[in-house]
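Engineer: Got a structure here, written out as structure tokens. Questions coming.
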Amino acid sequence: MLKKLSLALKYRLLPLVKGLIPKGWRLVPEDGFDLVPKGEYDYVPKGTYVFGPMDRFVLMPKNRYRAVLLPGQTVSSDLGVGWVTEENTPAGYDRLWGDGDNLAAFRAEAGHVRDKLTVEIADVVEKTLYAQAAVVDIGCGVGDLLLEMRRRQADIRVAGLDFSPKAVEGAQQALPDGRFTQFVIAKTLPYETDAFDVVLCTDVLEHLEYPRAVVAELVRICRPGGSVFVVVPDGDVDLFLGHYWFWNQSTLKSFLAEWQAEVARLPLTREFIAHISV
């Protein structure tokens, strides 16, 4: 106990008092926590100094540590980090969406079951589609989900965005009449208020630093009477290193409580789908 107290004084309190940041340390971002319900999760308080040559270090839901390394750095066990994120960048995902072999492997991966996920989502969303409905997919990839929606309702108007230029290029080729945009999501979306009848966001929120702000944007761009659909993996079993957030059915419902979302589990892929009626 005395040793821990001594280390806390040396590495946390003294730097604050002196106004110094020890060499190799970085300050936790002060606005990097969207929703950490008190009493449910532990978290790193704002202003906390954390040891390690890292760009960011945050303690996420389910006590999973996340660190984003500086270029060229590696992690060692003595840093006390449970997982390290993969490259959540446009360039990183260009290697997926822009390479035919990589994309084929991604779609065929047994654990990801992309084809089944697309069909399962479409089975739910189809009930809200109608002629000339404006549908947008936030994080559209190469347009697989929008293509499935178009098969269900031929005359819908489609749009989408993705932070990977290669993904946007692929989506535009698949759906030439669609409006596709390359955009890096932070807290806002590049669309006017009430622009769409159906807003889709599949396997995106878990990658983002500000998911709550983005959900508010999904609702903003949806017309009154329209629907927002959010899909996330089951956080209880999700081990993908590129994810920051890990929701189960209960915590996802709590996270979306402000919008009175209905949350259900998709039967085959076991992912969660939330429906927000706007």
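Heads up, the sequence shown is in this note's numbering, so the first residue is 85 and it goes up one at a time.
Cβ coordinates follow ideal geometry from the N, Cα and C atoms, glycine included.
Just list the alpha helix (DSSP H) runs in the stretch 277 to 343, keeping only unbroken ones of 4 residues or longer that don't cross its boundaries, in chain order.
Structural biologist: As far as the stretch 277 to 343 is concerned, its whole alpha helix (DSSP H) runs of at least 4 residues are 295 to 304, 333 to 339.
Engineer: Does the stretch 313 to 320 come into contact with the stretch 274 to 289, if we say contact requires no fewer than three beta-carbon pairs (one atom in each stretch) closer than 8 Å?
Structural biologist: With a cut-off of 8 Å, the stretch 274 to 289 and the stretch 313 to 320 count as touching, because enough Cβ pairs lie within range.
Engineer: Give a yes or no on whether the minimum CB-CB distance between Glu204 and chain C is below 8 Å.
Structural biologist: No chain C is part of this structure, which consists of one protein chain only.
Engineer: Assess contact between the stretch 246 to 260 and the stretch 272 to 279, defined as three or more Cβ pairs (one per stretch) separated by less than 8 Å. Is contact present?
Structural biologist: no
Engineer: Reducing DSSP to helix, strand and coil, say where Ala358 ends up.
Structural biologist: strand
Engineer: So the alpha helix (DSSP H) Glu253 belongs to, where does it begin and stop?
Structural biologist: 249 to 258
Engineer: Is DSSP giving Ile222 helix, strand or coil here?
Structural biologist: strand
Engineer: What are the start and end residues of the alpha helix (DSSP H) that includes Leu230?
Structural biologist: Boundaries of the alpha helix (DSSP H) harbouring Leu230: 228 to 236, taken from the DSSP string.
Engineer: Which stretch, first to last residue, makes up the beta strand (DSSP E) that contains Thr265?
Structural biologist: 263 to 266
Engineer: Mind checking Val362: buried by the 16 CB within 10 Å criterion, or exposed?
Structural biologist: buried
Engineer: Give me the residue from Glu204, Arg296, Ala243 with the minimum Cα distance to Ala217.
Structural biologist: Ala243
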